[in-house]
Amino acid sequence: MLEGKKILIGISGSIAAYKMAALTRLFVKAGADVKVIMTDSAQQFITPLTLATLSKNPVYSSFIKGDSGEWVNHVELGLWADYFIIAPLSASTLSKMASGNSDNLLLATYLSARCRVVVAPAMDLDMFAHPSTQKNLELIQSYGNIVIKPNHGELASGLVGEGRMAEPEEIIEFVSNLTLETQELHGKTVLVTAGPTYEAIDPVRFIGNHSSGKMGFALARICALKGAKVILVSGPSNEQISHPNITFLSVQSAHEMHQTVVSHFAKADITIMSAAVADYTPAQVSAQKIKKQDSDLKIDLVRTKDILKELGQLKKENQLLIGFALETENEQENAHKKLLTKNLDFIVLNSLRNEKAGFGFPTNQIQIIDRDGKINNYELKLKEEVAIDIVNKIIEKLHA
Ligand code: CTP
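Residue numbering for the sequence shown follows the working numbering, beginning at -2 and increasing consecutively.
Here it is, written out as structure tokens:
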């Protein structure tokens, strides 16, 4: 995602500047071309030599280059970048960005840049909470800059609170996501289901499965980055998600998932059923915790509703419906049958042949089967990348 991208890093004076060595390294490792600008005070915290070595490019800090007296062209630097990451962003650089001050190379470049500018503030909690800082952050966001909020935690002063610069891993993930931003799904509403369902046996026990929710959350994230409004309905999962385009609805059981999904289906242009919904649920839920007996215990299970099948019956001409399948024999044939029975536009077949694919793994290997039986093969990839393949297929269908 970052391969070949031109990343300009602007470092201002804050102790968090030490983290920029790691961030620079991460960008270079991801295949990006990196250039660094430092303010004078940033150089009190980390040396230009460290960043020049890691970025494999000279570091810029003043309008005049070394002894040669040559001018450093801030306009060229600003136009060169695909993304300008100002991190750490100090209170002082923030206030200058807000007011249009250009008394150093970083600020002059910022004013000349036409690319997306992302800032990661770092300051002590009271400085961060100060009304002038908050006002300046609002102002620079109103100019179109993107703010990666600082974390809550221990600060250099020893105080604990909000103001710790986001970690390098968080910043690179944020910028990677930005590179995926398009408007290809603008105006569309996508309903995505994720995770397992928990079927209660009694107040403390349930029948569940190993689905982590990773695949569904990745699909929701990619759809949101491509401009869609997303309704994500998930069973219990440790995954986190936050995006202004995503409405998150948490459910527990197959019954709850059925009710929530069906109630939102009519407004969805696209529905992706990636949840691992239980096919059976206990016939009775004991109101009290079941006490153990000497004899064995039998639990009667009854069928849950097949949500996807019901959606296939409700589906209108202008709606796309996508399902998942996991098969152990006659994989493609069974998946295609499932597609036809459930009236899907395509089905994603999870492979069991690759031991690094599926439940609990960050990677997945899929095949996409079309209504006419055509099979599209994909390699083993990170679930985030698999989600991109699936969403690209959806976009292809929308234009078909
Ligand atoms: N699904 C659903 N409602 C259920 C069970 C599954 O909507 N009660 C959806 C899943 O989200 C998935 C697809 O149906 O998109 C999987 O189909 P399913 O027929 O359940 O396949 P398997 O779980 O593989 O079960 P089987 O092969 O036994 O039919």
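No residue lacks a Cβ here, since even glycine has one placed at the ideal position from N, Cα and C.
Keep in mind it's a predicted model, so treat the numbers as computed, not measured.
A Cβ closer than 5 Å to some heavy atom of the ligand CTP marks a residue here, and those residues are Met270, Ala272, Val274, Thr301, Asp303, Ile304, Leu305, Gly320, Phe321, Leu323. By the Cβ test, the segment 117 to 124 is in contact with the segment 161 to 174, since at least three Cβ pairs between them sit closer than 8 Å.
As DSSP reads the structure, Trp68 sits in a beta bridge with Ile61. With contact defined as three or more Cβ pairs closer than 8 Å, the segment 50 to 63 and the segment 79 to 99 are not in contact. Under the rule that a run must span 3 or more residues, the beta strand (DSSP E) segments found entirely inside the segment 139 to 223 read 148 to 151, 157 to 161, 186 to 191. Between Lys335 and Lys226, the alpha-carbon positions lie close to 28 Å from each other.
Ser247: member of the beta strand (DSSP E) spanning 243 to 247, first to last residue. Across the structure, Asn361 and Asn347 are spaced so that their CA atoms are roughly 7 Å apart. The segment 277 to 291 makes no contact with the segment 303 to 314, as fewer than three CB pairs between them are under 8 Å. Take the alpha-carbon of Val201 and the one of Gln131: they are about 45 Å apart. Listed in chain order, the non-local C-beta contacts of Ile82 below 6 Å within the same chain comprise Ile6, Val115, local neighbours out to five positions each way being set aside. Counting only the Cα atoms, His207 lies some 18 Å from Pro279. For Thr338, the three-state secondary structure derived from DSSP is helix.
C-alpha of Glu314 to C-alpha of Ile365: approximately 21 Å in a straight line. In the three-state DSSP reduction, Tyr375 falls in the coil class, being neither helix nor strand. With respect to the 8 Å criterion, Thr106 and Leu188 are not classified as neighbours on the basis of their beta carbons. DSSP places Asn389 in the uninterrupted alpha helix (DSSP H) bounded by 380 to 396.
Sorting Leu76, Met94, Pro147 by C-alpha distance to the C-alpha of Tyr140 places Met94 at the top. By a beta-carbon distance limit of 8 Å, Phe24 contacts Ile4. Their separation comes to about 5 Å. Ranked by Cα distance from Gly232, the first of Val258, Leu86, Asn148, Asn242 is Val258.
Within the same chain, and ignoring the five residues on either side of Gly10 in sequence, the residues whose Cβ sits closer than 7 Å to its Cβ are Thr36, Ser38, Ala39, Gln41, Phe42, Ser87. Look at the beta carbons and you see the segment 295 to 303 not touching the segment 212 to 220: under three pairs across the two are nearer than 8 Å.
The beta carbon of Ala27 lies closer than 6 Å to those of Leu(-1) in the same chain, with the five residues before and after it left out. Note on geometry: alpha-carbon atoms of Asp342 and Leu318 lie some 6 Å from one another. Going by beta carbons, Ile344 and Ala332 fall inside the 8 Å limit. For Pro45, the uninterrupted alpha helix (DSSP H) segment begins and ends at 45 to 52. Within the same chain, Cβ atoms closer than 6 Å to the Cβ of Tyr375 are found at Ile363, Asp386, the five residues on either side in sequence being excluded.
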